[in-house]
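*Asks:* For the sequence shown, our numbering assigns the number 2 to the initial residue and increments by one for each residue that follows.
Just so it is clear, CB atoms sit at the ideal spot from N, CA and C, and this is done for glycine as well.
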Amino acid sequence: MNLLNNFSSSILQFYTTSSYPCSYLQDKLARSQVATPDHQIDTNTYGKLVQTGFRRSGTYIYRPLCDHCSACVPVRVIVENFSPNRTQRRTWKSHQDIIATQRELYFHPDHYALYLRYQTNRHRGGEMDQDNCEQYKSFLLQSNINSKIVEFNKNGQLCMVSIIDKLPDGISSVYTFFDPNIQGTSLGTYSILWQIQQCSTLGLPYLYLGYWIKENQKMAYKANFRPLQGLVRRTWKELEANKTEQ
Numbered sequence: 002m003n004l005l006n007n008f009s010s011s012i013l014q015f016y017t018t019s020s021y022p023c024s025y026l027q028d029k030l031a032r033s034q035v036a037t038p039d040h041q042i043d044t045n046t047y048g049k050l051v052q053t054g055f056r057r058s059g060t061y062i063y064r065p066l067c068d069h070c071s072a073c074v075p076v077r078v079i080v081e082n083f084s085p086n087r088t089q090r091r092t093w094k095s096h097q098d099i100i101a102t103q104r105e106l107y108f109h110p111d112h113y114a115l116y117l118r119y120q121t122n123r124h125r126g127g128e129m130d131q132d133n134c135e136q137y138k139s140f141l142l143q144s145n146i147n148s149k150i151v152e153f154n155k156n157g158q159l160c161m162v163s164i165i166d167k168l169p170d171g172i173s174s175v176y177t178f179f180d181p182n183i184q185g186t187s188l189g190t191y192s193i194l195w196q197i198q199q200c201s202t203l204g205l206p207y208l209y210l211g212y213w214i215k216e217n218q219k220m221a222y223k224a225n226f227r228p229l230q231g232l233v234r235r236t237w238k239e240l241e242a243n244k245t246e247q
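(1) Quick check: what's the CA-CA separation for R32 versus R227?
(2) Taking the alpha carbon of S58 as the reference point, which residue from Q184, S174, K219 has its own alpha carbon closest?
(3) On the DSSP bridge assignment, give the partners of Y209 in chain order.
(4) What does the alpha-carbon distance come out to for the pair G189 and I100?
(5) What residues are listed by DSSP as bridge partners for K29?
(6) When DSSP labels each residue in this structure, what does N3 get in the three-state scheme?
(7) In whole angstroms, what is the alpha-carbon distance linking T17 and L26?
(8) D98: buried (16+ other C-beta within 10 angstroms of its C-beta) or exposed?
(9) Ends of the beta strand (DSSP E) at A101?
(10) Is N45 helix, strand or coil when you go by DSSP?
(11) Roughly how many angstroms separate the alpha carbons of Q158 and K223, rounded to a whole number?
(12) Taking only the alpha-carbon atoms, compute the straight-line gap between A36 and I62 and give it to the nearest angstrom.
(13) Going straight from the alpha carbon of G231 to that of G54, what length do you get?
(14) State yes or no: is the C-beta of D166 within less than 8 Å of the C-beta of I146?
(15) Determine the direct distance from the alpha carbon of V78 to that of S95, and round the result to whole angstroms.
(16) Just checking my contact of K149 with Q103 at CB under 8 Å: how many whole Å lie between their CB atoms?
(17) Determine contact between the region 70-90 and the region 198-211, defined as no fewer than three beta-carbon pairs at a distance below 8 Å.
(18) Which residue wins for smallest C-alpha separation from L115, given the options D180, N133, Q143, K215?
(19) Ordered along the chain, which non-local residues of its own chain (more than five positions away) have a Cβ less than 7 Å from that of I12?
(20) Using the three-state DSSP reduction, which class does F178 fall into: helix, strand or coil?
(21) Since N122 is in the alpha helix (DSSP H), which residue starts that stretch and which ends it?
(22) For the putative contact between Q143 and T60, defined by C-beta atoms under 8 Å, what is the C-beta separation to the nearest angstrom?
(23) Measuring straight from C-alpha to C-alpha, what distance separates Q120 and T177?
(24) Rounded C-beta distance between W93 and Y191? I'm assuming under 8 Å.
Given below as structure tokens:
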């Protein structure tokens with residue numbers, strides 16, 4: 002195992018996985034760099050890892066480290082300079098009746114049922130559309146850092162759930178799922194706008210949106226939130242509209 006340069010003085014260690022089929026680009030192989038031990042990674046340490054391109058899935062903390070591919074670009078919104086476009090302003094206005102409630106991570110059967118409906122409708126045939134209850138809990142409800150579950154209710158009905166991590170310099174958007182039967186409401190866009198507002202309220206400069214891959218259409222929405230910075234060759238720089246620098 003090798004120590005990552007930015008954490009050479011810490012007790013963390015890092016290893017690289019074997020190759021596995023890429024979840025984002027067809028016919029590609031991927032590898033990840035994994036930070037361990039996960040129980041030693043608190044909110045402050047994880048915040049530093051996120052600044053260097055790491056993400057988490059449950060307590061599994063990783064970043065892409067693929068051979069001959071750098072398509073995954075970590076991205077974050079610059080909150081202070083964010084300016085919503087016309088569609089985003091319309092979406093925000095149309096959902097002013099939504100009530101958002103933040104809670105500590107916990108399991109609720111209504112959340113899980115909504116998660117399954119979302120996966121079946123939006124990601125049928127993917128890796129998670131058949132997740133059992135334990136897989137769901139492991140993916141979203143296990144965390145060693147300052148994580149929250151946000152319930153969004155519209156007209157008294159649960160319509161969306163977001164998992165977020167509150168870090169020293171921002172919020173990391175972990176995962177959002179919503180009612181796929183509510184058509185034409187852009188709930189996913191609203192969740193990001195709500196998280197940007199939360200960052201602003203808390204005085205946090207960034208909203209981390211995970212990875213963006215130019216060739217992956219399911220990630221295209223992230224490019225609509227401007228100004229957007231990408232971690233390119235170990236440096237955060239603003240990305241041009243509709244262009245990824247590799």
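*Replies:* This is what the structure gives:
(1) 30 Å
(2) S174
(3) R77, S173
(4) 15 Å
(5) DSSP lists no partner for K29.
(6) Note on N3: pLDDT 41, under 50, position unreliable in the model; no value is reported.
(7) C-alpha of T17 to C-alpha of L26: approximately 20 Å in a straight line.
(8) Around the CB of D98, fewer than 16 other CB atoms lie within 10 Å, so the residue is classed as exposed.
(9) 99-105 is the extent of the beta strand (DSSP E) around A101.
(10) Residue state, collapsed to three classes: helix.
(11) 27 Å
(12) Going from the Cα of A36 to the Cα of I62 covers about 6 Å.
(13) 9 Å
(14) Against a cut-off of 8 Å, the Cβ pair of I146 and D166 comes out as a contact.
(15) 22 Å
(16) 5 Å
(17) yes
(18) When D180, N133, Q143, K215 are compared, the shortest CA-CA separation from L115 is found for D180.
(19) The beta carbon of I12 lies closer than 7 Å to those of Q41 in the same chain, with the five residues before and after it left out.
(20) Shown here, F178 sits in a strand according to DSSP, grouped into three states.
(21) From DSSP, the alpha helix (DSSP H) with N122 extends over 110-123.
(22) The Cβ separation is near 5 Å, so the contact holds.
(23) If you take the alpha carbons of Q120 and T177, they lie about 11 Å apart.
(24) 7 Å
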